[in-house]
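Q:
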Amino acid sequence: MVQFNGPHGKISDDYLRNARLNPPTEPTQTFEGKTVLVTGCNTGVGYEAALRIAASGCNKLILGTRTVAKGEATKSKILGQVSSLESHSIEVFAVEYTSFLSVNKFVAAVKRSTQTLDCAILSAGVVFPEQQLGEDGWDTAIKVNVLSTALLAIELLPLLKATPSSVLEFVSSVSYCNVTSEDLAAILREPSANTLQFFNDSHRWTKQRGYCEAKLLLMLFIRQLATSLGGEEGRPGNFKSPIVLACCPGQCKTDLFRNFPSSARAYIDAIGARSAEEGSRTLVSGLLQGEKANGRMWVNDQFDDWSPGLSEKEWEALQQRVWVDLLAALREHSTDVSL
1 MVQFNGPHGK
11 ISDDYLRNAR
21 LNPPTEPTQT
31 FEGKTVLVTG
41 CNTGVGYEAA
51 LRIAASGCNK
61 LILGTRTVAK
71 GEATKSKILG
81 QVSSLESHSI
91 EVFAVEYTSF
101 LSVNKFVAAV
111 KRSTQTLDCA
121 ILSAGVVFPE
131 QQLGEDGWDT
141 AIKVNVLSTA
151 LLAIELLPLL
161 KATPSSVLEF
171 VSSVSYCNVT
181 SEDLAAILRE
191 PSANTLQFFN
201 DSHRWTKQRG
211 YCEAKLLLML
221 FIRQLATSLG
231 GEEGRPGNFK
241 SPIVLACCPG
251 QCKTDLFRNF
261 PSSARAYIDA
271 IGARSAEEGS
281 RTLVSGLLQG
291 EKANGRMWVN
301 DQFDDWSPGL
311 SEKEWEALQQ
321 RVWVDLLAAL
331 REHSTDVSL
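First residue of the sequence shown: 1, per UniProt numbering; consecutive thereafter.
1. Across the segment 19 to 31 and the segment 283 to 291, are there enough close Cβ pairs to call them in contact, namely three or more that are closer than 8 angstroms?
2. Give the straight-line distance between the Cα atoms of A49 and L37, rounded to the nearest whole angstrom.
3. Under 8 angstroms, with one C-beta from each stretch per pair, do the segment 43 to 60 and the segment 130 to 144 reach the 3-pair mark?
4. Near I78, which residues of its chain fall below 6 angstroms by C-beta distance, leaving aside the five closest residues on each side in sequence?
5. Once you ignore the five residues that flank E86 on each side, which residues in its own chain have a CB closer than 6 angstroms to its CB?
6. Apply the 10 Å Cβ neighbour rule to N178 and answer buried if 16 or more other Cβ atoms are within range, or exposed otherwise.
7. Expressed to the nearest angstrom, what Euclidean distance is found between the alpha-carbon atoms of L117 and V95?
8. I'd like the ranges of any beta strand (DSSP E) spanning at least 3 consecutive residues and lying wholly in the segment 104 to 128.
9. Between which two residues does the beta strand (DSSP E) holding F93 run?
10. Candidates A317, F170 and Y211: which alpha carbon is nearest G46's?
11. Report the rounded CA-to-CA distance for S307 versus R209, giving the unit in angstroms.
12. Thinking C-beta only, is L168 closer than 8 angstroms to T149?
13. Just the C-alpha distance for A73 and L188, rounded to the nearest angstrom, thanks.
14. Helix or strand or just coil, what does DSSP make of D325?
15. If you measure between the beta carbons of V126 and N104, is that distance less than 8 angstroms?
16. Do you know how far the Cα of G250 is from the Cα of K292?
17. According to the Cβ coordinates, are S181 and G309 closer than 8 angstroms?
18. Counting only the same chain and skipping the five closest in sequence on each side, list residues whose C-beta sits under 7 angstroms from that of V244.
19. Mapping the DSSP letters down to three states, classify A162 as helix, strand or coil.
20. To the nearest angstrom, report how far apart L327 and F93 are at their CA atoms.
21. So the beta strand (DSSP E) K60 belongs to, where does it begin and stop?
22. Thinking just about the alpha-carbon of each residue, which of L220, H203 and T65 is nearest to the one in V174?
23. In the DSSP assignment, what are the bridge partners of M297?
24. Following the continuous beta strand (DSSP E) through E170, name the residue where it begins and the one where it ends.
25. For the beta strand (DSSP E) that L37 lies in, which residues bound it at each end?
26. Assign E32 to one of three DSSP states: helix, strand, or coil.
27. Which value, in whole angstroms, describes the spacing of the CA atoms of T35 and V107?
28. Do you know how far the Cα of L152 is from the Cα of T140?
29. How long is the line joining the alpha carbons of V217 and E332, rounded to whole angstroms?
30. Report the rounded CA-to-CA distance for L156 versus K111, giving the unit in angstroms.
31. Can you give the Cα-Cα distance for N42 and T65, rounded to whole angstroms?
32. Out of N200, H203, L196 and Q115, state which residue places its alpha-carbon closest to the alpha-carbon of P164.
33. Would a C-beta distance cut-off of 8 angstroms place A186 and F198 closer than the cut-off?
34. Would you mind reading off the limits of the alpha helix (DSSP H) that contains G57?
35. Restricting to runs no shorter than 4 residues, where is the alpha helix (DSSP H) found entirely within the segment 170 to 209?
Next comes the structure, spelled out in structure tokens:
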């Protein structure tokens, strides 16, 4: 659940420095006998999470990368570091988040590969120093970080629902709290306006909005998805698999900011960047939190207690609107958008 009585304000440099000095603890539980899917896993926290899960004895590890070549290279790297793992235990499928069709094909391949899915970590994401618009008119960050991620999650639901105690985890960021009521005043006072068109508007774009608002949209979707599956508190009488949560690995030394100037990357690393391995611990430990994690964000070995820059009333109204608009947009590209 989102906390509306915690600290407000933007994530500060001090917060990042403190996080770097106090990395998450190392998970000790195993994934023996489980089938786990990880996307965005050829580098960074996604790779480190996949490596840790592979080393913990999972039955099958499914890797989703932009190309099969990247996935096969990742598979070879993992096998080189986990000698006990058989090659057939890792499967590789391509998924390009800038293409809804690619997401559809990826899910179809996964469904042919397995009838159950214990855990899914959706880790692919992008950030840009300038706005990038695709041929279909979508802001690339919104399409990758929100729309395709949501489409992938929804299309994986049949597998997750078929697996008791399954977990669907979205890699995101507490920076969604940086978005304020003032930033969204225009859409908040127009209840009939399309929310996605508002967030996709090039005239509003700034570097901060491009990143933080995508994280807000994703968190709004996650909350409503958890609610649609039985409520974010996971009430025993109503709750259905999967557990749905977000996690924030913190600022890490990865190639996420590869499109930024070297000076900007150096500054980001200097103020508080963890190693990718340290950040990946949050991805793995988040899978182990049980029903109490439903609809929440796992960060720094605890559930996020930051408050968003919106009031509770504003949040709830926007959550419902984003849900309706997002599902409508996705149904234009898939016949499997049902819950």
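Think of the CB as a built atom: it goes at the ideal place given N, C-alpha and C, for glycine as much as any other residue. This structure is a prediction, so every number in the text was calculated from the model and none was measured.
A: In short, the structure shows the following:
1. Short answer: they touch.
2. Here residue 49 corresponds to residue number 49 of the sequence shown, with the count starting at 1. Here residue 37 corresponds to residue number 37 of the sequence shown, with the count starting at 1. When rounded, the separation of the alpha-carbon atoms in A49 and L37 is 11 angstroms.
3. Between the segment 43 to 60 and the segment 130 to 144, the count of Cβ pairs shorter than 8 angstroms is below three; the stretches do not touch.
4. Translated into positions along the sequence shown, residue 78 becomes position 78. Within the same chain, I78 has close Cβ partners L51 and A54.
5. As a first step, residue 86 must be located in the sequence shown, where it is residue number 86. Cβ within range, chain order: n/a, list empty.
6. Locating residue 178 in the sequence shown gives position 178, where the first residue counts as 1. With 16 or more Cβ atoms within 10 Å of its Cβ, N178 is classed as buried.
7. For the purposes of this step, residue 117 is identified with residue 117 of the sequence shown, where counting begins at 1. For the purposes of this step, residue 95 is identified with residue 95 of the sequence shown, where counting begins at 1. L117 and V95: Cα-Cα distance of roughly 17 angstroms.
8. Counting only unbroken stretches of 3 or more residues, the beta strand (DSSP E) elements lying wholly within the segment 104 to 128 are 119 to 122, in sequence order.
9. For the purposes of this step, residue 93 is taken as residue 93 along the sequence shown, with counting starting at 1. Unbroken beta strand (DSSP E) run through F93: I90 to A94.
10. For this step, residue 46 is matched to residue 46 along the sequence shown. Residue F170 is the option with its Cα nearest to G46.
11. Within the sequence shown, numbered from 1, the residue matching residue 307 stands at position 307. Within the sequence shown, numbered from 1, the residue matching residue 209 stands at position 209. The alpha-carbon separation between S307 and R209 amounts to approximately 18 angstroms.
12. As a working mapping, residue 149 is identified with position 149 in the sequence shown. As a working mapping, residue 168 is identified with position 168 in the sequence shown. In this structure, L168 does not lie closer than 8 angstroms to T149 by Cβ.
13. By 1-based counting over the sequence shown, the position of residue 73 is 73. By 1-based counting over the sequence shown, the position of residue 188 is 188. Spanning the two alpha carbons is a distance of roughly 46 angstroms.
14. Here residue 325 is taken as the residue at index 325 of the sequence shown, counted from 1. D325 falls in the helix class under three-state DSSP.
15. Here the question's residue 126 lines up with position 126 in the sequence shown. Here the question's residue 104 lines up with position 104 in the sequence shown. Cβ atoms of V126 and N104: not closer than 8 angstroms.
16. Residue numbering aside, residue 292 sits at position 292 when the sequence shown is read from its first letter. Residue numbering aside, residue 250 sits at position 250 when the sequence shown is read from its first letter. In this structure, the alpha-carbon of K292 lies about 21 angstroms from that of G250.
17. The residue you call residue 181 lines up with position 181 of the sequence shown. The residue you call residue 309 lines up with position 309 of the sequence shown. In this structure, the beta-carbon distance from S181 to G309 falls below 8 angstroms.
18. Residue 244 sits at position 244 when you count from the first residue of the sequence shown. So the qualifying residues of the chain are L168, I222, L225, A226, L229, N294 and G295.
19. Walking along the sequence shown from the start, residue 162 turns up at place 162. Coil, per DSSP.
20. Taking the first residue of the sequence shown as position 1, residue 327 is located at position 327. Taking the first residue of the sequence shown as position 1, residue 93 is located at position 93. L327 and F93 have their C-alpha atoms spaced approximately 25 angstroms apart.
21. Position 60 of the sequence shown, counted from the first residue, corresponds to residue 60. Here the beta strand (DSSP E) through K60 covers K60 to T65.
22. Translated into the one-based positions of the sequence shown, residue 174 becomes position 174. L220 is the residue among L220, H203 and T65 whose C-alpha sits nearest the C-alpha of V174.
23. In the sequence shown, counting from the first residue as 1, residue 297 sits at position 297. Answer by DSSP bridge pairing, in chain order: A246.
24. Taking the first residue of the sequence shown as 1, we reach residue 170 at position 170. One point to set straight first is that residue 170 is Phe, not Glu, in the sequence displayed. Counting along the chain, the beta strand (DSSP E) containing F170 begins and ends at V167 to V171.
25. Looking up residue 37 in the sequence shown gives position 37. Unbroken beta strand (DSSP E) run through L37: T35 to T39.
26. What you label residue 32 is simply residue 32 of the sequence shown in a count that begins at 1. It is a strand residue.
27. Position 35 of the sequence shown, counted from the first residue, corresponds to residue 35. Position 107 of the sequence shown, counted from the first residue, corresponds to residue 107. Cα to Cα, the separation comes out at about 15 angstroms.
28. What you label residue 140 is simply residue 140 of the sequence shown in a count that begins at 1. What you label residue 152 is simply residue 152 of the sequence shown in a count that begins at 1. Straight-line Cα distance between these residues: approximately 16 angstroms.
29. By 1-based counting over the sequence shown, the position of residue 217 is 217. By 1-based counting over the sequence shown, the position of residue 332 is 332. Before going further, note that residue 217 is Leu rather than Val in the sequence given. Looking at the two C-alpha atoms, the distance is approximately 19 angstroms.
30. For the purposes of this step, residue 156 is taken as the residue at position 156 of the sequence shown. For the purposes of this step, residue 111 is taken as the residue at position 111 of the sequence shown. Cα to Cα, L156 sits roughly 8 angstroms from K111.
31. Within the sequence shown, numbered from 1, the residue matching residue 42 stands at position 42. Within the sequence shown, numbered from 1, the residue matching residue 65 stands at position 65. Going by the C-alpha atoms only, they are around 7 angstroms apart.
32. Along the sequence shown, read from residue 1 onward, the residue named residue 164 stands at position 164. Closest in alpha carbon position to P164, among N200, H203, L196 and Q115, is Q115.
33. Working through the sequence shown from its first residue, we reach residue 186 at position 186. Working through the sequence shown from its first residue, we reach residue 198 at position 198. Taking a C-beta distance under 8 angstroms as the contact criterion, A186 and F198 qualify as a contact pair.
34. Numbered from 1 along the sequence shown, position 57 holds the residue referred to as residue 57. Following the DSSP letters along the chain, one finds G57 in no alpha helix (DSSP H), marked with neither H nor E.
35. Every alpha helix (DSSP H) of 4 residues or more that sits fully in the segment 170 to 209 is shown, in chain order, as 185 to 188 and 195 to 199.
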